[in-house]
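First comes the structure, then the notes that go with it.
In our numbering, the protein residues as written are 1301 to 2206.
This is the structure we're talking about:
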């Protein structure tokens, strides 16, 4: 631990009303987001229940020591606990007037719902009676005790939550009541005994000998034991499966740790003048400037996010009898916090018998649409400047806006409505479990995850599903918050859905509709509609807030942004998304479909006449394609890569042909037919290579079959000449792939220049076509100074450069061993998704050496890394001229490039 970082920091006031807070909002790396913001609110003079924060660094010390407390840590925590008790004038576990505390997690970066919390700690068989005596409220006291046992058992001991929920349900059935709030003090006292029995029956004495009393496991009565086990559970939750998956999904480092916040409890379940809620200073789904969120009367905070009761909208709070003053004060605090942080804030609060307490604030998670609107409106309001607005929106969020929405003209069969929790449209098969969603995704099937309400353990299924649909919970429930954070459409709180997960069916109240697993539905996270069957979806448009923010981004970025596109339609889409040209046109994609037979006839026939006809047919097809591409990108560069893959990729599958021959033999086919098939099999086998990605492909293919590059260059030049004559401004560039030596490039450049000159003479036009190469081999990068003497541009093919640098097969490793490498932290991330530092060094070397060989060299990247925001920032730092990516990632790259440039200014 760093010498200047303490293990524990206090926040809140002392008994005399003096603020003793030791932290602030800039200490998230030490206190975690929750602890830092609790400290900041206390500094601002807001009503914050006092407490203390155990640092994230202590968490990592504990974890790295095999879940063993570092020397002196428990002594320091005890000092701060005693200080907290002095400040409040109560003791944890006191049998006459107990102090109850919450034990909450708080990572440096927001991870909502991923880690653990324990509430009402300090209650036991004696102190519950002291609480009854002090509050004169037996129902509240027994309710708090049963909640503590239930949460402690689940969070700390790992017992299934259903064990306790089933007991509550049984008690309600016994009493003939429907709601938890209808349970009496006697009912809750009985549940406490039931819960203790569940605890004793399910906790291992061998694993927890400290809990054995008179030969049997008993629920811990000692507050010291309760607190230590709760703190250990919160620390341990940093590495639980859902938290680990969330960090992986959101690229959060594993070595940050979580803080633990021990805070005096305040109670929203003390009757009709008490409440609890979660709210945002603006609408987290749309960005509209209005208070947004949910609250529950006579409830604790976990009730709101767990979705076990349907909530009321936050706007009604100041109109609720007994809560009016607290509601007015909360709205004033909303404005104060938003003005202080200059951002939309997420707030947790409790009202105890009419008095407002602030339990948390943090910059709120929001949908992409909301992020854009909030950033732009805050600029217009004078709260932030354009640079800040551009930095506020995560490039990955734009994915939410760049995928289909429900068409305005779609025919919809709306069967139910709920809360519009996270915008976007989803169409898929109904599934009722996270495991089913994951399994369907692995099979390539799209699903909608239908749940009573999601829990953090459902995260893998929420990621796998196209959308999420719940029958309970409000706009701040787990499903809503997580869905918004990852850009998934979500409709929640659809009360009409009566879900029977065991039978894998859901009935729609008021109708005779029953949906079974596998039935197709559609949901609209913008309207809250649930529709039977699949509805028509439409592509997004680059307009409104998205267009505005990207225009601002373009004012700051230095990197050019191009697109990878192989047909006129994708080229046009790229241009609409703001691409400044085509950085990669993969011509082999133009050989597929009906044209596959043409290239096959070239490959498999030795008759020169047949081959000549095939080449002419390919020329006609390619010149037409290039004409459309160049026209769509008129005035902008289009880099055409000559044929790259090995020829066997255009041939029939040898294994399938072998099976076909065996079936023909079994059916008694004539010998002539069999002989023809066997001859074809021999030819296909003749093209097989042990390692085709390192075999006859790229420039090697062009050298061995010179007719192919001549045909392609002629098609490029002919299409350009035709457009020039029509008054257009086509700007094609020719890229020669997979060069390893300057001699390869020199030979093929000469061929291309010769063909271009022939077309110029034949068409009577002057054609200026730059010729460059793709740098995708380590040798090319380290000899870039030589290669650049024959190149007008370099385009780094980082997919193959990663493959050849690591010696990984990109087609195999992601399924075979990369997941294990990631889980064991042998790799920090998938190098085919985000550019590896070693590969980046080769790119840097290629850029530096390349400019030594040709000072006017243009350098870009055309691998899929060009659309990864983290990689884009790396390429900006390396001084490249542009990146190229798939059309739908062009807006992400534009924003990431701007953020890289702004970061350089600061």
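Built from N, CA and C at the ideal position, the CB exists for glycine as well.
Beta-carbon contacts of residue i that lie in its chain and below 8 Å, excluding the five residues immediately before and after
| i | result |
| --- | --- |
| residue 1634 | 1579, 1581, 1591, 1645, 1647 |
| residue 2105 | 2078, 2136, 2138, 2139, 2142 |
| residue 1345 | 1319 |
Whole-angstrom C-beta distance between residue j and residue i, which should lie under 8 Å
| i | j | result |
| --- | --- | --- |
| residue 1714 | residue 1829 | 5 Å |
| residue 1427 | residue 1398 | 4 Å |
| residue 2161 | residue 2175 | 6 Å |
| residue 1492 | residue 1449 | 6 Å |
| residue 1701 | residue 1840 | 6 Å |
| residue 2063 | residue 2021 | 4 Å |
| residue 1770 | residue 1794 | 7 Å |
| residue 1666 | residue 1676 | Not really, about 13 Å apart at Cβ, beyond 8 Å. |
| residue 1485 | residue 1439 | 4 Å |
Cβ-based neighbour list, residue i, same chain, cut-off 7 Å, excluding 5 preceding and 5 following
| i | result |
| --- | --- |
| residue 1511 | 1503, 1517, 1518, 1520 |
| residue 2196 | 1695, 2169, 2172, 2173 |
| residue 1932 | 1868, 1871, 1872, 1875 |
| residue 1376 | 1307, 1308 |
| residue 1738 | 1760, 1761, 1764 |
| residue 2025 | 2065 |
| residue 2040 | 2077, 2079, 2080 |
| residue 2152 | 2085 |
| residue 1888 | 1943, 1944, 1945 |
| residue 2180 | 1859, 2147, 2159, 2160, 2161 |
| residue 2205 | none |
Pair within 7 Å by beta-carbon distance, residue i and residue j
| i | j | result |
| --- | --- | --- |
| residue 1410 | residue 1333 | yes |
| residue 1853 | residue 1642 | no |
| residue 2149 | residue 2085 | yes |
| residue 2122 | residue 1846 | no |
| residue 1576 | residue 1661 | no |
| residue 1670 | residue 1584 | yes |
| residue 1623 | residue 1630 | no |
| residue 2044 | residue 1999 | yes |
| residue 1801 | residue 1558 | no |
| residue 1355 | residue 1320 | no |
| residue 1535 | residue 1652 | no |
| residue 1754 | residue 1780 | no |
| residue 1705 | residue 1597 | no |
Residue i in three-state terms, based on DSSP
| i | result |
| --- | --- |
| residue 2020 | helix |
| residue 1907 | coil |
| residue 1442 | helix |
| residue 2151 | helix |
| residue 1751 | strand |
| residue 1917 | helix |
| residue 1657 | strand |
| residue 2068 | coil |
| residue 1552 | coil |
| residue 2123 | helix |
| residue 2172 | helix |
| residue 1430 | helix |
| residue 2135 | coil |
| residue 2031 | strand |
| residue 1423 | coil |
| residue 1831 | strand |
| residue 1318 | coil |
| residue 2182 | strand |
| residue 2162 | coil |
| residue 1367 | coil |
Residues of its chain near residue i, where Cβ-Cβ distance is below 6 Å and the 5 sequence neighbours each way are ignored
| i | result |
| --- | --- |
| residue 1726 | 1748, 1766, 1767, 1789, 1823 |
| residue 2017 | 2056, 2059, 2067 |
7 Å Cβ cutoff, residue i in contact with chain B
| i | result |
| --- | --- |
| residue 2057 | Among the protein chains of the structure shown there is no chain B, as only one such chain exists. |
Would you call the segment 2001-2019 and the segment 1933-1943 in contact, with 3 or more CB pairs under 8 Å?
yes
Would you check if the segment 1531-1548 and the segment 1333-1341 touch, i.e. whether three or more CB-CB distances between them fall below 8 Å?
no
Please confirm if the segment 1911-1922 is in contact with the segment 2030-2050, defined as three or more CB-CB distances below 8 Å between the two stretches.
no
At least three beta-carbon pairs within less than 8 Å, the segment 1561-1577 to the segment 1400-1410
yes
Any 3 or more C-beta pairs closer than 8 Å across the segment 1819-1833 and the segment 1707-1726
yes
Inter-stretch contact at 8 Å, needing at least 3 Cβ pairs: the segment 1468-1481 / the segment 1422-1437:
no
Does the segment 1875-1887 come within contact of the segment 2181-2190, defined as at least 3 CB pairs closer than 8 Å?
yes
Are the segment 2025-2039 and the segment 1905-1913 touching, with three or more C-beta to C-beta distances below 8 Å?
no
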